[in-house]
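The next block holds one structure in the form of structure tokens; read it before the comments.
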Amino acid sequence: METNVIELKRLDLLEIEGRVDSNTASALHEVLNERIDQGTSNILVDLSNVSYMSSAGLRELVTALKRVRKNGGDLRLCAPSERVTDVIELAGLNSLFEIFDDRTMAVGSF
Amino acid sequence: MSSGSRRESMAETRRLQVRGRYQNIPGIIDFVNEAALAAGLGEDEAFHCQLSVDEACTNIIEHAYGAEDAGRIEVACEIEPGIITVRIVDYGQPFDPGAVPEPVDTNELDQIEPGGIGLHLMRKLMDEVNFEFGDAHNTLTMIKRRAGAPQIVDTPEAIQLEQRDGVSIVTPQARMDAAFAPVLERVLLALIEAGSVSLVVEMKEVPYISSPGLKALVTAWRSAREHGGDLLLCSLSERVRGVFEVIGFTRIFEIVEDCADAVSALRGRQARA
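If you read the sequences in order, they're chains U and Y.
If you read the first sequence in the numbering used here, its first letter stands for residue 1, the second for the next number, and so on.
If you read the second sequence in the numbering used here, its first letter stands for residue 1001, the second for the next number, and so on.
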């Protein structure tokens, strides 16, 4: 898994590439926590290059979502593949996150 | 990592043993994926098996062992036509699945406890999930069956498709010439791609075959073999059999009398594989 953070005016855009599973979730945890610790409260996670997501990855997203909502911000998702969308829905988390097909729309939503 | 062995005549069992480390999980789920496809499950069903096994192994490392490198994980996949049974054994602490609350479908963030998501996914994705706790080890058994629909690829009207005992019986009902051969080839390759690697082409309604038809059969036969299966021919008409003998195809293909013979030959092969 690789991550890349792009700082935009109103939000941080986090691009993730590869597998988000129990082997890589701790790295995702670190990058999310680092941004939030630095005062970011709006995060958009671009999932378009995520090939695989297990509950270990979802858990990090939920944990980060809880933190930013507490600070009055939000964590939103964009462009998940069909497989990743299925996993989010099966986990019952699709109503928890705001999920956008399109990254530009997602950026504009903040 | 160790290789597999056979349990009984109808089922094949493949085994894998790894140290309980997160980085070993992708290897386990590749192994399970291959076994699921070998059982004739669809790609989505095989993916469901992968994700469930990932969640199970993650739980073992996290909860049963409490850390990485604290014990081994043994995985056995029993493959039967249309069914995979995955058994996962660990030697850690027993874990009470009843103690894990079902996650609720809610947008009330405070109610979400992310811990139970893995178990919830396993129960949703697999047909059966059963935990057993012994004195020395814990066993998780999960079963996934192929969905009832026998039609796993779109077939044109001139090709009949039937699934019997994990074998795909393909019955073309047309002259196997340059016009029809690519259609048949596409159907056969799509079946193999979908994990249906044991095939019979029943030739009883093929009155004529020319070289594109022969090429389609050879291409599909080669692909089936590359995927660990086989393609047999049965019920050849006199004329088609004559063509086969002239060009030496009877030495490449296994040709049997009828469908039932072909299915039992392929099933025997699946069991020995």
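Every residue gets a Cβ at the ideal spot worked out from N, C-alpha and C, and that includes glycine.
Query, Result
"Cutting at 7 Å between CB atoms, please list the residues of its own chain near N94/U, excluding the five before and the five after it.", "I88"
"Counting only beta-carbon atoms, is L90/U nearer than 8 Å to chain Y?", "yes"
"Counting contacts by CB-CB distance shorter than 8 Å, is D1054/Y in contact with chain U?", "yes"
"Just how far apart, CA to CA, sit K1124/Y and L90/U?", "7 Å"
"Is the beta carbon of L44/U less than 8 Å from the beta carbon of A106/U?", "yes"
"Per DSSP, F1133/Y is paired with what?", "N1138/Y"
"Which residues in chain Y have a C-beta closer than 9 Å to the C-beta of V87/U? List them in chain order.", "L1051 and L1121"
"Using a Cβ distance threshold of 8 Å, determine whether the segment 60 to 74 of chain U contacts the segment 1064 to 1078 of chain Y, with at least three qualifying pairs required.", "no"
"Skipping 5 residues on each side, what residues in its chain have a beta carbon closer than 6 Å to that of G1229/Y?", "V1197 and S1198"
"DSSP on P1207/Y, reduced to helix/strand/coil?", "coil"
"Between G1118/Y, I1169/Y and Y1022/Y, which has its C-alpha nearest A1265/Y's C-alpha?", "I1169/Y"
"Would you say G77/U faces chain Y, with C-beta separation under 8 Å as the test?", "Reading the sequence as shown, one finds Leu at residue 77/U and not Gly. No, no contact with chain Y."
"Taking contact to mean 3 or more Cβ pairs, one atom from each stretch, closer than 8 Å, check whether the segment 1127 to 1134 of chain Y and the segment 75 to 89 of chain U are in contact.", "no"
"Assign Q1050/Y to one of two classes, buried (16 or more other C-beta atoms within 10 Å of its C-beta) or exposed (fewer than that).", "buried"
"Quick one: using the 10 Å Cβ neighbour count with 16 as the cut-off for buried, is I1152/Y buried or exposed?", "Bear in mind that the predicted position of I1152/Y carries a pLDDT of just 49, short of 50, making it too unreliable to give a figure here."
"Is DSSP giving C1259/Y helix, strand or coil here?", "helix"
"Tell me which residue opens and which closes the beta strand (DSSP E) that N1033/Y is part of.", "Looking at the DSSP string, N1033/Y is not in any beta strand (DSSP E); the run it does join, the alpha helix (DSSP H), is I1025 to A1038."
"If we count the other Cβ atoms within 10 Å of its Cβ and call it buried at 16 or more, is A1076/Y buried or exposed?", "buried"
"Does DSSP put N42/U in a helix, in a strand, or in coil?", "strand"
"Distance, Cα to Cα, G4/U vs A1064/Y?", "In the sequence on display, residue 4/U carries Asn and not Gly. One C-alpha to the other measures close to 34 Å."
"To the nearest angstrom, how far is the alpha carbon of H1227/Y from that of L11/U?", "48 Å"
"What does DSSP give as the partner residues of C78/U in its beta bridges?", "D46/U and F100/U"
"Mind pulling the chain Y residues with CB within less than 9 Å of R10/U?", "Those do not exist, as R10/U stays about 22 Å from chain Y at its closest Cβ, beyond 9 Å."
"Which residues does DSSP pair with E1252/Y in a beta bridge?", "Residue identity check: residue 1252/Y is Ile in the sequence provided, not Glu. Answer is none; I1252/Y lacks a bridge partner."
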